[in-house]
Amino acid sequence: MITIGKKRKGARRNPNYKRPIRRWDFFVLWMRRFGMVLGAVVFTIWAGAWLYLSGSIHSAANWSRNKTIEMTADAGFSVQDILVEGRVHTDPNVLLGLINVQKGDPLFSFNPQDAKALIERISWVRAVQVERRFPSTIYIGLEERVPLALWQSEKKLYLIDAEGAVLTDYGLNRFSDLVMVSGKGAKQQAANLVRNLQAEDALMPQIEAAKWVAGRRWNLVTHGGIEIKLPADDIGLALRRLAIAQEEKGILEKSLEHIDLRKTDRIIVQSAPGKVQKYRVENFTKAGYSNGNDI
1087 MITIGKKRKG ARRNPNYKRP IRRWDFFVLW MRRFGMVLGA VVFTIWAGAW LYLSGSIHSA
1147 ANWSRNKTIE MTADAGFSVQ DILVEGRVHT DPNVLLGLIN VQKGDPLFSF NPQDAKALIE
1207 RISWVRAVQV ERRFPSTIYI GLEERVPLAL WQSEKKLYLI DAEGAVLTDY GLNRFSDLVM
1267 VSGKGAKQQA ANLVRNLQAE DALMPQIEAA KWVAGRRWNL VTHGGIEIKL PADDIGLALR
1327 RLAIAQEEKG ILEKSLEHID LRKTDRIIVQ SAPGKVQKYR VENFTKAGYS NGNDI
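Written out as structure tokens, the structure is:
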């Protein structure tokens, strides 16, 4: 027997129940998220490229940098003093022109490395140190090259240092007391010669010029016009012998044309024309020297 009663109500749905996500729904959701990410990446790349190509990034960076530098200057970091140490021959106007800084300029707008590279191009400068010294000073420390000799090349004079570096060809009158050297390779050999001459106080003031001969030895010329032939080797010893002759006999004050020091056991001199008899009267040869022909 079948009992017919009231229709049964359906069971109430659990509010925490979630319908299972179907595979297609998951794919659509993934594609949507991927598209958003891809769009963001593309936009970022496009925007970055536009900013780079248009120069906006550089402009913004420069603007920010300039504003920061202006703020530091307002805070007291501005150029008030330029301190230079070690300057003797370097032209101060050239130095200031290269660093290109005016009083009151922001200290942080000055680049020490750029200034150092420019100053090192000055022929007088051997080495340089450039610093910003807070709050308001630029420091420049110079190590200058030391003048050694005047170098004659193709009838033109140059001032050189011990390394043979050319310092200047201007205003050489103030260096007229230096020895003038000439001959192929002379500027590379000059330091050794001058060092040996400076060791002999009796000789150094007497020497006016020196010529590097045949790439191996020196011929000196005194202010009185005497030519002195040095050996290829042991020029220090040869000059010592000449210095003794000068101190004891004043040989460089005699009327001579040539003095030959290439023999280790003697000094050979050639007197000026008409002066041979005078040396014989003074018995000059008995003092350990000999009159002879130019060798």
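For what it's worth, the working numbering labels the leading residue of the sequence shown as 1087, then goes sequentially. Glycine is no exception: its CB is placed at the ideal position from the N, C-alpha and C atoms.
Query raised in the report: DSSP state of D1287, grouped into three classes?
Result: In the sequence shown, counting from the first residue as 1, residue 1287 sits at position 201. Of the three classes helix, strand and coil, the one that applies to D1287 here is coil, per DSSP.
Requested in this report: Decide if Q1174 is buried, meaning its Cβ has at least 16 other Cβ atoms within 10 Å, or exposed.
Outcome: Indexing the sequence shown from 1 puts residue 1174 at position 88. A small correction: the amino acid at residue 1174 is Val; Gln does not occupy that position in the sequence shown. Counting Cβ neighbours within 10 Å, V1174 comes out exposed, since fewer than 16 surround it.
Query raised in the report: Closest to D1351 by CA distance: which of D1167, E1334, L1323, L1169 is it?
Result: Here residue 1351 refers to the residue found at position 265 when the sequence shown is read from its first residue. With distances taken between Cα atoms, D1351 lies closest to L1323.
Query - Sequence-distant residues of the same chain with beta carbon closer than 7 Å to L1258, five excluded per side - result: Position 172 of the sequence shown, counted from the first residue, corresponds to residue 1258. Hits under 7 Å: L1236, L1243, L1245.
Query raised in the report: Can you give the Cα-Cα distance for A1288 and G1311, rounded to whole angstroms?
Result: Walking along the sequence shown from the start, residue 1288 turns up at place 202. Walking along the sequence shown from the start, residue 1311 turns up at place 225. One C-alpha to the other measures close to 17 Å.
Query raised in the report: Hey, is the stretch 1291–1298 in contact with the stretch 1263–1271, meaning 3+ C-beta pairs nearer than 8 Å?
Result: yes
Query raised in the report: If you scan the stretch 1205–1251 from start to end, which runs of the beta strand (DSSP E) of 3 or more residues do you find wholly inside it?
Result: 1211–1219, 1223–1230, 1235–1239, 1242–1246
Query - Collapsed DSSP secondary structure at V1170 in the structure displayed - result: Sequence index remark: in the sequence shown, residue 1170 carries index 84 (1-based). In this structure, V1170 counts as strand in the three-state DSSP scheme.
Query raised in the report: With 16 as the cutoff for other CB atoms within 10 Å, does K1340 come out buried or exposed?
Result: To locate residue 1340, count along the sequence shown from 1; it is residue 254. Looking at its Cβ environment, which holds 16 or more other Cβ atoms inside 10 Å, K1340 is buried.
**Report entry** Rounded distance between the beta-carbons of S1239 and Q1166, thought under 8 Å
**Finding:** For the purposes of this step, residue 1166 is identified with residue 80 of the sequence shown, where counting begins at 1. For the purposes of this step, residue 1239 is identified with residue 153 of the sequence shown, where counting begins at 1. The Cβ separation is near 45 Å, so there is no contact.
Query raised in the report: Roughly how many angstroms lie between the CA atoms of K1372 and I1353, to the nearest whole one?
Result: Taking the first residue of the sequence shown as 1, we reach residue 1372 at position 286. Taking the first residue of the sequence shown as 1, we reach residue 1353 at position 267. In this predicted model, K1372 has a pLDDT of only 37, less than 50, meaning its place in the structure is not dependable enough to derive any value.
Query - Cβ distance (whole Å) where L1342 is taken to contact Q1332 below 8 Å - result: As a working mapping, residue 1342 is identified with position 256 in the sequence shown. As a working mapping, residue 1332 is identified with position 246 in the sequence shown. L1342 to Q1332, Cβ: 12 Å. No contact.
Query raised in the report: I1337 to I1314, Cα distance in whole Å?
Result: The residue you call residue 1337 lines up with position 251 of the sequence shown. The residue you call residue 1314 lines up with position 228 of the sequence shown. Between I1337 and I1314, the C-alpha separation is close to 11 Å.
Report task. Note down the Cα distance separating T1176 from L1306, rounded to an integer number of angstroms. Result -> As a first step, residue 1176 must be located in the sequence shown, where it is residue number 90. As a first step, residue 1306 must be located in the sequence shown, where it is residue number 220. Between T1176 and L1306, the C-alpha separation is close to 31 Å.
**Report entry** Euclidean distance between Cα positions of G1301 and R1260
**Finding:** To locate residue 1301, count along the sequence shown from 1; it is residue 215. To locate residue 1260, count along the sequence shown from 1; it is residue 174. Rounded to whole angstroms, G1301 to R1260 spans 30 Å at the Cα level.
Query raised in the report: When you compare only the Cα positions, how much space is there between K1241 and D1263?
Result: Counting from one through the sequence shown, the residue named residue 1241 turns up at place 155. Counting from one through the sequence shown, the residue named residue 1263 turns up at place 177. C-alpha separation (whole angstroms): 19 Å.
Report task. Please confirm whether L1182 and S1209 have their CB atoms less than 8 Å apart. Result -> Counted from its first residue, the sequence shown places residue 1182 at position 96. Counted from its first residue, the sequence shown places residue 1209 at position 123. No.
Requested in this report: For D1320, collect the residues of the same chain with a Cβ closer than 7 Å to its Cβ; drop the 5 residues on either side in sequence, then sort them by chain order.
Outcome: For this step, residue 1320 is matched to residue 234 along the sequence shown. Once the five neighbours on either side are set aside, D1320 has no close Cβ partner at all.
Query raised in the report: If E1249 and G1172 are in contact, beta carbons under 8 Å, what's the gap, nearest whole angstrom?
Result: The residue you call residue 1249 lines up with position 163 of the sequence shown. The residue you call residue 1172 lines up with position 86 of the sequence shown. That belief does not hold up - the Cβ atoms of E1249 and G1172 are roughly 18 Å apart, past 8 Å.
Report task. Mind checking who T1408 pairs with in its DSSP beta bridge? Result -> No answer is possible for residue 1408: it lies beyond the span of the chain, which begins at 1087 and ends at 1381.
Query raised in the report: Taking P1198 as the reference, which of P1359, N1179, Q1215, P1291 has the closest Cα?
Result: Within the sequence shown, the letter at position 112 stands for residue 1198. Of the listed residues, the one whose Cα sits closest to P1198 is Q1215.
Query raised in the report: For the beta strand (DSSP E) that contains S1187, what are its first and last residues?
Result: Within the sequence shown, numbered from 1, the residue matching residue 1187 stands at position 101. A quick correction: the sequence has Val, not Ser, at residue 1187. No beta strand (DSSP E) holds V1187; DSSP gives it neither H nor E.
Query raised in the report: In or out: N1369 buried (at least 16 other Cβ within 10 Å) or exposed?
Result: Position 283 of the sequence shown, counting from 1, holds the residue named residue 1369. Note on N1369: pLDDT 38, under 50, position unreliable in the model; the coordinate value appears next. Flag for N1369 reads exposed.
Query raised in the report: Among A1318, E1206, A1203, which one has its Cα closest to the Cα of N1278?
Result: Taking the sequence shown and counting its residues from 1, the one referred to as residue 1278 is at position 192. Closest by alpha carbon: A1318.
**Report entry** Per-residue DSSP class, three states only, for L1325
**Finding:** Translated into positions along the sequence shown, residue 1325 becomes position 239. Helix.
Query - Rounded C-alpha distance that separates L1283 from A1358 - result: Taking the first residue of the sequence shown as 1, we reach residue 1283 at position 197. Taking the first residue of the sequence shown as 1, we reach residue 1358 at position 272. Whole-angstrom Cα-Cα distance: 25 Å.
Report task. Have a look at I1205, V1180, G1190, I1185 and flag the residue whose alpha-carbon is nearest the alpha-carbon of E1162. Result -> Stepping through the sequence shown from its first residue, residue 1162 is reached at position 76. The amino acid at residue 1162 is misidentified as Glu; the sequence shows Gly. It is G1190 whose Cα lies nearest to the Cα of G1162.
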